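Participant: Structure below; questions to follow.
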(Lines of atoms letter the chains of each structure in order from A and count residues from 1; the text may use other names and numbers.)
(Lines give C-alpha, C1' and ligand atoms only; values in the text may rest on other atoms or scores of the structure.)
Protein backbone atom coordinates (compact mmCIF):
# COMPACT_ATOMS: atom_id res chain seq x y z
CA UNK A 1 0.00 0.00 0.00
CA UNK A 2 1.29 3.44 -0.92
CA UNK A 3 2.16 5.82 1.88
CA UNK A 4 1.85 9.51 1.11
CA UNK A 5 3.67 12.00 3.30
CA UNK A 6 2.54 15.57 2.81
CA UNK A 7 4.15 18.64 4.34
CA UNK A 8 1.97 21.74 4.71
CA UNK A 9 3.71 24.71 3.08
CA UNK A 10 2.21 28.14 2.40
CA UNK A 11 4.39 28.93 -0.61
CA UNK A 12 6.60 27.13 -3.10
CA UNK A 13 9.41 28.87 -4.94
CA UNK A 14 11.74 27.71 -7.70
CA UNK A 15 13.96 30.71 -8.23
CA UNK A 16 15.04 32.25 -11.47
CA UNK A 17 17.31 30.13 -13.63
CA UNK A 18 18.65 30.37 -17.18
CA UNK A 19 18.32 27.65 -19.78
CA UNK A 20 19.00 27.86 -23.54
CA UNK A 21 18.55 31.65 -23.74
CA UNK A 22 15.45 31.47 -21.56
CA UNK A 23 15.03 32.76 -18.00
CA UNK A 24 12.50 30.93 -15.82
CA UNK A 25 10.90 31.53 -12.43
CA UNK A 26 8.15 29.54 -10.67
CA UNK A 27 6.24 30.48 -7.53
CA UNK A 28 2.98 29.68 -5.76
CA UNK A 29 1.33 31.37 -2.80
CA UNK A 30 -1.46 30.36 -0.44
CA UNK A 31 -3.32 33.66 -0.92
CA UNK A 32 -5.10 35.57 1.82
CA UNK A 33 -8.10 33.33 2.53
CA UNK A 34 -7.16 29.67 1.99
CA UNK A 35 -5.80 27.36 4.70
CA UNK A 36 -3.87 25.06 2.32
CA UNK A 37 -1.79 25.83 -0.78
CA UNK A 38 -2.91 23.41 -3.51
CA UNK A 39 -1.03 25.08 -6.39
CA UNK A 40 2.28 23.76 -7.68
CA UNK A 41 4.65 25.33 -10.22
CA UNK A 42 7.88 23.56 -11.16
CA UNK A 43 10.30 23.34 -14.07
CA UNK A 44 13.27 21.32 -15.25
CA UNK A 45 16.07 21.99 -17.72
CA UNK A 46 18.04 19.30 -19.52
CA UNK A 47 20.54 20.27 -22.21
CA UNK A 48 18.52 22.31 -24.74
CA UNK A 49 15.12 21.17 -23.45
CA UNK A 50 12.92 22.96 -20.92
CA UNK A 51 9.66 21.79 -19.36
CA UNK A 52 7.48 23.85 -17.04
CA UNK A 53 4.46 22.48 -15.18
CA UNK A 54 1.73 24.26 -13.24
CA UNK A 55 -1.05 22.45 -11.35
CA UNK A 56 -4.04 23.65 -9.33
CA UNK A 57 -5.33 20.87 -7.08
CA UNK A 58 -8.89 20.32 -5.96
CA UNK A 59 -10.53 18.20 -3.29
CA UNK A 60 -11.45 18.46 0.38
CA UNK A 61 -8.98 18.56 3.28
CA UNK A 62 -5.48 17.90 1.81
CA UNK A 63 -6.68 15.98 -1.25
CA UNK A 64 -6.03 18.81 -3.70
CA UNK A 65 -2.57 19.29 -2.22
CA UNK A 66 -1.84 15.60 -2.77
CA UNK A 67 -3.19 15.64 -6.33
CA UNK A 68 -1.19 18.64 -7.55
CA UNK A 69 1.99 17.40 -5.86
CA UNK A 70 1.76 13.86 -7.22
CA UNK A 71 1.00 14.98 -10.77
CA UNK A 72 3.56 17.79 -11.01
CA UNK A 73 6.28 15.60 -9.50
CA UNK A 74 5.43 12.72 -11.84
CA UNK A 75 5.58 14.88 -14.98
CA UNK A 76 8.84 16.57 -13.97
CA UNK A 77 10.51 13.29 -12.96
CA UNK A 78 9.56 11.40 -16.12
CA UNK A 79 9.32 14.00 -18.88
CA UNK A 80 12.87 13.55 -20.15
CA UNK A 81 12.58 9.75 -20.32
CA UNK A 82 11.31 10.12 -23.88
CA UNK A 83 12.94 8.74 -27.03
CA UNK A 84 14.07 11.33 -29.61
CA UNK A 85 11.07 13.19 -31.00
CA UNK A 86 10.62 12.97 -34.75
CA UNK A 87 7.78 15.47 -35.22
CA UNK A 88 5.08 17.46 -33.43
CA UNK A 89 2.81 14.42 -33.21
CA UNK A 90 5.43 12.43 -31.30
CA UNK A 91 5.67 15.26 -28.76
CA UNK A 92 1.89 15.36 -28.41
CA UNK A 93 1.79 11.57 -28.00
CA UNK A 94 4.46 11.63 -25.28
CA UNK A 95 2.80 14.39 -23.26
CA UNK A 96 -0.56 12.65 -23.62
CA UNK A 97 0.89 9.37 -22.38
CA UNK A 98 2.34 11.09 -19.31
CA UNK A 99 -0.96 12.79 -18.49
CA UNK A 100 -2.97 9.60 -18.97
CA UNK A 101 -0.59 7.78 -16.63
CA UNK A 102 -0.87 10.61 -14.10
CA UNK A 103 -4.65 10.37 -14.37
CA UNK A 104 -4.49 6.64 -13.59
CA UNK A 105 -2.12 7.34 -10.69
CA UNK A 106 -4.58 9.73 -9.06
CA UNK A 107 -7.48 7.34 -9.58
CA UNK A 108 -5.55 4.53 -7.88
CA UNK A 109 -4.63 6.76 -4.93
CA UNK A 110 -8.27 7.83 -4.61
CA UNK A 111 -9.36 4.19 -4.55
CA UNK A 112 -6.78 3.26 -1.88
CA UNK A 113 -7.24 6.28 0.40
CA UNK A 114 -10.80 7.22 1.27
CA UNK A 115 -9.77 10.72 2.32
CA UNK A 116 -8.50 11.37 -1.22
CA UNK A 117 -11.66 10.25 -3.01
CA UNK A 118 -12.57 12.66 -5.78
CA UNK A 119 -9.25 14.51 -5.76
CA UNK A 120 -8.00 16.03 -8.98
CA UNK A 121 -5.90 18.77 -10.46
CA UNK A 122 -5.70 21.04 -13.46
CA UNK A 123 -2.43 21.12 -15.36
CA UNK A 124 -0.74 23.30 -17.96
CA UNK A 125 2.61 22.32 -19.46
CA UNK A 126 5.10 24.32 -21.53
CA UNK A 127 7.76 22.35 -23.42
CA UNK A 128 10.62 23.93 -25.36
CA UNK A 129 12.95 21.82 -27.48
CA UNK A 130 15.40 24.58 -28.37
CA UNK A 131 13.56 25.48 -31.58
CA UNK A 132 9.84 25.30 -30.91
CA UNK A 133 7.45 25.89 -28.03
CA UNK A 134 4.51 23.61 -27.18
CA UNK A 135 1.67 24.00 -24.70
CA UNK A 136 -0.58 21.26 -23.34
CA UNK A 137 -3.33 21.59 -20.76
CA UNK A 138 -6.31 20.07 -18.97
CA UNK A 139 -8.66 22.17 -16.84
CA UNK A 140 -8.70 25.94 -16.34
CA UNK A 141 -5.08 26.75 -15.55
CA UNK A 142 -3.89 28.91 -18.41
CA UNK A 143 -1.01 29.64 -20.75
CA UNK A 144 -0.53 33.17 -22.03
CA UNK A 145 1.76 34.47 -24.74
CA UNK A 146 3.28 37.89 -24.18
CA UNK A 147 4.84 40.02 -26.88
CA UNK A 148 3.68 43.63 -26.95
CA UNK A 149 0.32 42.50 -25.62
CA UNK A 150 -1.00 39.55 -23.61
CA UNK A 151 -2.71 36.73 -25.52
CA UNK A 152 -4.45 33.74 -23.95
CA UNK A 153 -3.38 30.49 -25.65
CA UNK A 154 -5.45 27.89 -23.82
CA UNK A 155 -9.22 27.60 -23.59
CA UNK A 156 -10.62 26.76 -20.15
CA UNK A 157 -12.22 23.31 -19.89
CA UNK A 158 -15.35 24.63 -18.20
CA UNK A 159 -19.06 23.91 -18.44
CA UNK A 160 -19.70 27.47 -19.61
CA UNK A 161 -17.18 27.21 -22.45
CA UNK A 162 -18.93 24.04 -23.61
CA UNK A 163 -22.17 26.03 -23.77
CA UNK A 164 -20.39 28.82 -25.68
CA UNK A 165 -19.00 26.38 -28.24
CA UNK A 166 -22.49 25.03 -28.88
CA UNK A 167 -23.95 28.52 -29.23
CA UNK A 168 -26.32 27.98 -26.31
CA UNK A 169 -25.19 31.14 -24.51
CA UNK A 170 -23.26 34.27 -25.53
CA UNK A 171 -20.14 35.80 -23.98
CA UNK A 172 -22.12 38.22 -21.83
CA UNK A 173 -24.24 35.40 -20.41
CA UNK A 174 -21.11 33.30 -19.84
CA UNK A 175 -19.47 35.98 -17.70
CA UNK A 176 -22.36 35.85 -15.20
CA UNK A 177 -23.31 32.18 -15.46
CA UNK A 178 -23.63 30.46 -12.04
CA UNK A 179 -21.59 27.49 -13.33
CA UNK A 180 -18.82 29.51 -14.98
CA UNK A 181 -16.18 27.93 -12.72
CA UNK A 182 -17.36 24.31 -13.05
CA UNK A 183 -14.71 22.15 -14.75
CA UNK A 184 -15.54 19.44 -17.28
CA UNK A 185 -11.95 18.18 -17.50
CA UNK A 186 -9.23 17.60 -14.88
CA UNK A 187 -6.50 15.09 -14.10
CA UNK A 188 -8.09 12.51 -11.80
CA UNK A 189 -11.48 12.25 -13.47
CA UNK A 190 -12.89 8.81 -14.20
CA UNK A 191 -14.17 9.72 -17.65
CA UNK A 192 -12.12 9.92 -20.85
CA UNK A 193 -9.47 12.61 -20.58
CA UNK A 194 -9.40 15.30 -23.27
CA UNK A 195 -5.92 16.80 -23.61
CA UNK A 196 -5.40 20.06 -25.50
CA UNK A 197 -2.16 20.62 -27.41
CA UNK A 198 -0.80 23.76 -29.06
CA UNK A 199 2.31 24.62 -31.03
CA UNK A 200 3.31 28.28 -30.75
CA UNK A 201 3.77 29.56 -34.29
CA UNK A 202 4.40 33.22 -33.53
CA UNK A 203 7.24 35.12 -31.93
CA UNK A 204 6.97 36.12 -28.28
CA UNK A 205 8.86 37.71 -25.41
CA UNK A 206 7.47 35.54 -22.62
CA UNK A 207 5.24 32.58 -21.79
CA UNK A 208 3.11 32.78 -18.64
CA UNK A 209 1.53 29.74 -17.00
CA UNK A 210 -0.87 30.53 -14.17
CA UNK A 211 -3.74 29.24 -12.04
CA UNK A 212 -7.14 30.89 -11.76
CA UNK A 213 -5.99 32.54 -8.55
CA UNK A 214 -3.99 34.95 -10.72
CA UNK A 215 -6.34 35.71 -13.59
CA UNK A 216 -9.42 35.93 -11.35
CA UNK A 217 -7.68 38.57 -9.22
CA UNK A 218 -5.94 40.60 -11.93
CA UNK A 219 -7.18 41.84 -15.29
CA UNK A 220 -5.27 41.07 -18.48
CA UNK A 221 -4.13 44.70 -18.53
CA UNK A 222 -2.76 44.47 -14.99
CA UNK A 223 -0.83 41.30 -15.85
CA UNK A 224 0.46 42.89 -19.05
CA UNK A 225 1.64 46.01 -17.21
CA UNK A 226 3.74 43.88 -14.83
CA UNK A 227 5.25 41.85 -17.68
CA UNK A 228 6.26 45.12 -19.39
CA UNK A 229 8.36 46.20 -16.43
CA UNK A 230 12.12 46.41 -16.93
CA UNK A 231 12.79 44.01 -14.07
CA UNK A 232 14.08 40.47 -13.57
CA UNK A 233 11.86 37.47 -14.26
CA UNK A 234 11.99 36.64 -10.56
CA UNK A 235 10.82 40.14 -9.65
CA UNK A 236 7.94 40.01 -12.15
CA UNK A 237 6.80 36.66 -10.78
CA UNK A 238 6.82 38.04 -7.24
CA UNK A 239 4.97 41.17 -8.40
CA UNK A 240 2.23 39.11 -10.06
CA UNK A 241 1.61 37.18 -6.86
CA UNK A 242 1.84 40.26 -4.65
CA UNK A 243 -0.62 42.16 -6.85
CA UNK A 244 -3.05 39.21 -6.96
CA UNK A 245 -3.06 39.18 -3.16
CA UNK A 246 -3.60 42.94 -3.03
CA UNK A 247 -6.57 42.72 -5.42
CA UNK A 248 -8.27 39.78 -3.74
CA UNK A 249 -6.06 36.81 -2.96
CA UNK A 250 -9.18 34.70 -2.46
CA UNK A 251 -7.51 31.59 -3.90
CA UNK A 252 -4.05 30.06 -4.12
CA UNK A 253 -1.91 31.76 -6.75
CA UNK A 254 0.43 29.87 -9.07
CA UNK A 255 2.78 31.51 -11.58
CA UNK A 256 5.46 30.14 -13.90
CA UNK A 257 7.11 32.73 -16.13
CA UNK A 258 9.51 31.95 -18.99
CA UNK A 259 11.13 34.94 -20.67
CA UNK A 260 13.52 35.14 -23.57
CA UNK A 261 16.96 36.24 -22.48
CA UNK A 262 19.85 37.60 -24.46
CA UNK A 263 21.38 35.25 -27.02
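Numbering (the working numbering), first residue to last: 1 to 263. Built from N, CA and C at the ideal position, the CB exists for glycine as well. All figures in this text were calculated on a predicted structure; none of them were measured in a lab.
Consult DSSP for residue 48 and reduce its assignment to one of helix, strand or coil.
Facilitator: Within the chain shown, residue 48 is the residue found at index 48, counting from 1. If DSSP states are grouped into helix, strand and coil, residue 48 belongs with coil.
Participant: So, using beta-carbon positions, are residue 188 and residue 257 closer together than 7 Å?
Facilitator: Residue numbering aside, residue 188 sits at position 188 when the chain shown is read from its first letter. Residue numbering aside, residue 257 sits at position 257 when the chain shown is read from its first letter. No.
Participant: Do three or more CB pairs link the region 43-62 to the region 125-141 at distances below 8 Å?
Facilitator: Enough Cβ pairs lie closer than 8 Å, so yes.
Participant: Using only the alpha-carbon positions, how far apart do residue 157 and residue 214 sit?
Facilitator: As a first step, residue 157 is located in the chain shown; it is residue number 157 there, counting from the start. As a first step, residue 214 is located in the chain shown; it is residue number 214 there, counting from the start. Residue 157 and residue 214: Cα-Cα distance of roughly 17 Å.
Participant: Look up residue 33 in the DSSP assignment and say whether it is helix, strand or coil.
Facilitator: Counting from 1 along the chain shown, the entry for residue 33 is found at position 33. In this structure, residue 33 counts as coil in the three-state DSSP scheme.
Participant: To the nearest angstrom, how far is the alpha carbon of residue 163 from that of residue 183?
Facilitator: As a working note, residue 163 is residue 163 in the chain shown. As a working note, residue 183 is residue 183 in the chain shown. For residue 163 and residue 183, the distance between alpha carbons rounds to 12 Å.
Participant: Thinking C-alpha only, which one of 115, 79, 154 is nearest residue 46?
Facilitator: Start at 1 with the first residue of the chain shown, and residue 46 comes out as number 46. Closest by alpha carbon: 79.
Participant: If we call anything under 7 Å between Cβ atoms a contact, is residue 204 one with residue 147?
Facilitator: Translated into positions along the chain shown, residue 204 becomes position 204. Translated into positions along the chain shown, residue 147 becomes position 147. A contact, by the Cβ cut-off of 7 Å.
Participant: Under 8 Å by Cβ, that's how I've got residue 57 and residue 67 pegged, so tell me the actual separation to the nearest angstrom.
Facilitator: As a first step, residue 57 must be located in the chain shown, where it is residue number 57. As a first step, residue 67 must be located in the chain shown, where it is residue number 67. Correct: roughly 4 Å between the Cβ atoms.
Participant: CB-CB under 7 Å to residue 244, same chain, minus the five flanking residues each way: which ones, in chain order?
Facilitator: Here the question's residue 244 lines up with position 244 in the chain shown. Within the same chain, residue 244 has close Cβ partners 213, 214, 217, 218, 253.
Participant: What are the start and end residues of the alpha helix (DSSP H) that includes residue 76?
Facilitator: Residue numbering aside, residue 76 sits at position 76 when the chain shown is read from its first letter. Unbroken alpha helix (DSSP H) run through residue 76: 63-78.
Participant: Output yes or no for whether 7 Å exceeds the beta carbon distance between residue 150 and residue 224.
Facilitator: One-based indexing of the chain shown puts residue 150 at position 150. One-based indexing of the chain shown puts residue 224 at position 224. Contact flag set, yes.
Participant: Just to confirm the assignment, what range does the alpha helix (DSSP H) spanning residue 239 have?
Facilitator: As a working mapping, residue 239 is identified with position 239 in the chain shown. Unbroken alpha helix (DSSP H) run through residue 239: 233-246.
Participant: Does the separation of the CB atoms of residue 136 and residue 95 fall below 7 Å?
Facilitator: In the chain shown, the residue the question calls residue 136 occupies position 136. In the chain shown, the residue the question calls residue 95 occupies position 95. Yes; because the gap between Cβ atoms is below 7 Å, this pair is in contact.
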